[in-house]
Amino acid sequence: MNETPSQPFPPAPWHLQGSACASLWQVAAASLPQAGPAPLRLAGRLLVLTVWARYTEGTLAYDELALAVLQRARPAPSLTVGPIWVSDSHAAAGGRALWSIPKVLGEFTTCTSDRRFTGQLSQAGTAIATLEFTSRMALPGRLPLVGHALQRGAAGHLCSARCSARGRLVLGNAAWDFSAEGPLSFLRGRRPLASLRLESLRLVFGT
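Reminder that position 135 of the sequence shown reads as 147 in the working numbering, one-by-one numbering, no gaps.
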């Protein structure tokens, strides 16, 4: 891990490797009062992603569950992230200090194999979410993705962090469960519009 004596986290950019699962949802705007500067809407509802990642190599190694709201910013696709949990204190501190991403610590159990990606997340002993993703079909090639995270800083200024990713895209079925008392309870009992997995993921964040 690349740390300096003056800060408890590596400097940007972060180079991360691993795998991730993402699901797309359509939710009522009232569910997310802090939805970012220009949230994208479809039929009056917000489009959001839940992303469960396991980074096993690179700048840091940690697990992560994030909710991100799609934004109407141009030219690249943009997201506003939050809430978000990570398994590593360096990742939490760096996310907040470098990019104003409100990362907090959680307790993760994440398991990956060729066909399945499963995870459990809790915080202070209270369950928040579980995921079971079953792969169905891998698409050819390695899909490149580029976007930005748009976050409001402590002083209200907008912070933009560029993210580029490349990985093998796998379609599949995602079974999510969310605690009725947790911060993602508005997704409880619902089915995502679509789900996918990125295998052999290489991510560069904060360039």
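For each residue, glycine too, the CB sits at the ideal point set by N, CA and C.
Between L210 and L151, the alpha-carbon positions lie close to 10 Å from each other. Residue pairing of D189 in beta bridges, as defined by DSSP: T142. Comparing alpha carbon positions, the residue from T121, R174, C123 and E76 closest to H102 is E76. Here the C-alpha atom of T68 lies approximately 11 Å from the C-alpha atom of A32. Distances from the alpha-carbon of H169 to those of V158, L82 and I113 put I113 closest. In this structure, Q135 sits away from W188, with a CB-CB distance that is not shorter than 8 Å.
Counting C-beta pairs with one atom in each stretch, the segment 40-49 and the segment 77-89 have three or more that are closer than 8 Å, which means they touch. Given a length threshold of 3 residues, each whole run of the beta strand (DSSP E) inside the segment 100-151 is given here in chain order: 115-117, 119-124, 128-135 and 138-150. In this structure, S99 places its C-beta atom within 8 Å of the C-beta atom of F120. Spatial neighbours of G194 in its own chain (CB-CB distance under 6 Å, excluding positions within 5 residues in sequence) are listed in chain order as I140. The beta carbon of W111 lies closer than 7 Å to those of A161, Q163, C171, A173 and G218 in the same chain, with the five residues before and after it left out. Taking the C-beta atoms as reference points, P22 is found nearer than 8 Å to L72.
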